[in-house]
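*Asks:*
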Amino acid sequence: MKLRAIAGVVALSLSLTACGASQTATDAPAPESADTVLKVGASPVPHAEILDFVKNDLAPAAGLKLEIVEFTDYVQPNVQLAEGGLTANFFQHKPYLDDFNASKGTELSFVTPVHLEPLGLYSRKAADLAALPEGATVAVPSDATNLGRSLKLLADNGVVTLKEGAGTSATERDVAGNPKKLVFKPLEAAQLPRSLDDVDAAVINGNYAIEAGLKPASQALALEKTEANPYVNGLVVPAGHEKDANIVTLGKLLQDPKVKEFIQQKYEGAVIPAE
């Protein structure tokens with residue numbers, strides 16, 4: 097009787113031990129994937145195309161997987177990044193980011209310069225700057241930094257003059273001389289290519305010009321100079337994540353010589369790799 101009781105206790109103990117081992121194995125976390133997925137917001141052209149090249153040609157060997165989310169405006173990529181919906185974004189230059197942070201209260205950080213898209217003045221009605229008629233309507237980007245950038249482009253080409261000290265935040269109020277009496281029409285940047293049939297000329301951001309089939313190097317009446325240009329587009333992350341290992345790796349891939357070669361061959365001067 098005692099022997100049977102002892103045997104039962106031993107059997108129960110062994111059963112409980114086995115169940116505990118089974119439960120521990122079930123609850124153990126699955127090993128992490130060797131690859132890390134980075135969700136990156138980008139404008140379709142050229143940013144998403146550049147990221148797609150990195151995703152297919154460079155990222156696998158670096159142990160990164162990219163999920164590219166395309167945006168057709170300049171606001172949502174930063175909103176989504178600030179709210180945690182993205183790991184990073186790639187569509188903007190630092191002056192725009194600084195203005196966005198200041199006006200929206202976000203804390204986003206510019207970490208890696210990648211390329212420059214020269215801003216250009218385009219027209220379907222005038223063959224050159226001299227042909228712009230008096231009182232011509234010129235569409236310009238409505239966001240603060242690109243508006244100032246547009247006015248500087250016009251000033252650099254002798255179309256208008258700006259007040260002394262007017263910088264990247266210049267507005268129509270900073271126009272000191274306007275001999276052609278141009279009328280400026282601020283529009284959201286993505287709308288500028290579509291405005292060409294309705295205005296005499298439009299200052300268009302490089303990515304939207306390319307997307308609309310325009311050729312900056314040959315069709316722009318005036319094109320931004322690249323020397324000492326602060327409007328280089330780059331990778332942006334939430335503040336505090338600049339040195340995350342995966343972000344550092346992605347930044348290096350975006351500056352890889354193969355990416356620079358891809359940009360030069362595909363865009364033929366419409367997009368210029370950062371130095």
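Here this note's numbering is used: the first residue of the sequence shown is 97, the next is one more, and so on.
Don't be surprised by glycine CBs; every beta carbon is placed ideally from N, CA and C.
1. Excluding sequence positions up to five away, which residues of its chain have a Cβ less than 6 Å from the Cβ of Y192?
2. Let me know the alpha helix (DSSP H) ranges lying completely inside the region 278-341, each 4 residues or longer, listed in chain order.
3. Where P140 and D352 are concerned, what is the direct C-alpha to C-alpha distance, given to the nearest angstrom?
4. Under the three-state reduction of DSSP, which class applies to S205: helix, strand or coil?
5. Alpha carbon to alpha carbon, what distance is there between S265 and R245?
6. Return the residue from the list L154, N329, T202, A158 that minimises the CA-CA distance to Q172.
7. Using the rule of at least 16 other Cβ atoms within 10 Å of the residue's Cβ for burial, across every protein chain shown, is T208 buried or exposed?
8. Apply the 10 Å Cβ neighbour rule to A223 and answer buried if 16 or more other Cβ atoms are within range, or exposed otherwise.
9. Kindly indicate which three-state DSSP category Q351 falls into: helix, strand or coil?
10. Helix, strand or coil: how does DSSP classify E230 here?
11. Return the chain-ordered list of same chain residues with a C-beta closer than 7 Å to the C-beta of V295, the five sequence neighbours on each side being excluded.
12. Tell me whether T168 is buried or exposed, calling it buried when 16 or more other Cβ atoms sit within 10 Å of its Cβ.
13. Comparing C-alpha positions only, which one of S314, K321, A313, Y304 sits nearest to A144?
14. Taking 6 Å as the cut-off, does the CB of R245 come closer than this to any heavy atom belonging to the ligand ATP?
15. Specify, as a first and last residue, the run of the beta strand (DSSP E) that N185 falls within.
16. Helix, strand or coil for V210? Go by DSSP, reduced to three states.
17. Taking 7 Å as the threshold (beta carbon to beta carbon), is E145 in contact with chain B?
18. For L182, collect the residues of the same chain with a Cβ closer than 6 Å to its Cβ; drop the 5 residues on either side in sequence, then sort them by chain order.
19. Between L147, D270, Y363, L204, which has its C-alpha nearest G302's C-alpha?
20. Helix, strand or coil for V256? Go by DSSP, reduced to three states.
21. What residue does the alpha helix (DSSP H) around L147 start on, and which one ends it?
22. Could you say which of L215, L243, K348 lies nearest to D270 if we only look at CA atoms?
23. Give me the residue from A297, L204, N274, E230 with the minimum Cα distance to A251.
24. Express the C-alpha separation of E284 and A399 in angstroms, rounding to a whole number.
25. Strictly by DSSP, which residues pair up with L250?
26. When you compare the region 213-221 with the region 303-322, are there three or more beta-carbon pairs, one atom per stretch, that lie closer than 8 Å?
27. Whole angstroms are fine: how far does the CA of P334 sit from the CA of R290?
*Replies:* Inspection of the coordinates gives the following:
1. The answer, listed in chain order, is T241.
2. DSSP runs (the alpha helix (DSSP H)) wholly in the region 278-341: 302-307, 312-315.
3. A straight line joining the alpha-carbon of P140 with that of D352 spans about 21 Å.
4. Reduced to three states, the DSSP call for S205 is strand.
5. About 8 Å.
6. When L154, N329, T202, A158 are compared, the shortest CA-CA separation from Q172 is found for T202.
7. T208 sits buried, since 16 or more C-beta atoms from the chains shown fall within 10 Å of its C-beta.
8. A223 is exposed by the Cβ-count criterion.
9. Shown here, Q351 sits in coil according to DSSP, grouped into three states, outside any helix or strand.
10. Looking at E230 - three-state DSSP - the assignment turns out to be coil, as it is neither helix nor strand.
11. Annotation for V295: T233, V234, A235, K281 place their beta carbon closer than 7 Å to its own, counting only its chain and skipping 5 residues before and after.
12. The C-beta of T168 has fewer than 16 other C-beta atoms within 10 Å across all chains shown, which makes the residue exposed.
13. A144 has its Cα closest to that of Y304, out of S314, K321, A313, Y304.
14. For the structure depicted, the ligand ATP is absent and the ligand set is empty, with no information on it obtainable.
15. It spans 184-189 - the beta strand (DSSP E) in which N185 sits, taken as one unbroken run.
16. DSSP places V210 within a strand segment (E or B) once states are collapsed to three.
17. Among the chains of the structure shown, chain B does not appear; only one protein chain is present.
18. Closer than 6 Å at Cβ, skipping near neighbours: K135, G137, Q176.
19. Checked all of L147, D270, Y363, L204; the closest Cα to G302 is Y363.
20. If DSSP states are grouped into helix, strand and coil, V256 belongs with coil.
21. It spans 145-153 - the alpha helix (DSSP H) in which L147 sits, taken as one unbroken run.
22. For the residues L215, L243, K348, the minimum Cα distance to D270 belongs to L243.
23. Among A297, L204, N274, E230, the Cα nearest to that of A251 is on N274.
24. Nothing can be reported for residue 399: it is not among the residues displayed for the chain, which extend from 97 to 371.
25. Answer is none; L250 lacks a bridge partner.
26. With a cut-off of 8 Å, the region 303-322 and the region 213-221 count as touching, because enough Cβ pairs lie within range.
27. Spanning the two alpha carbons is a distance of roughly 33 Å.
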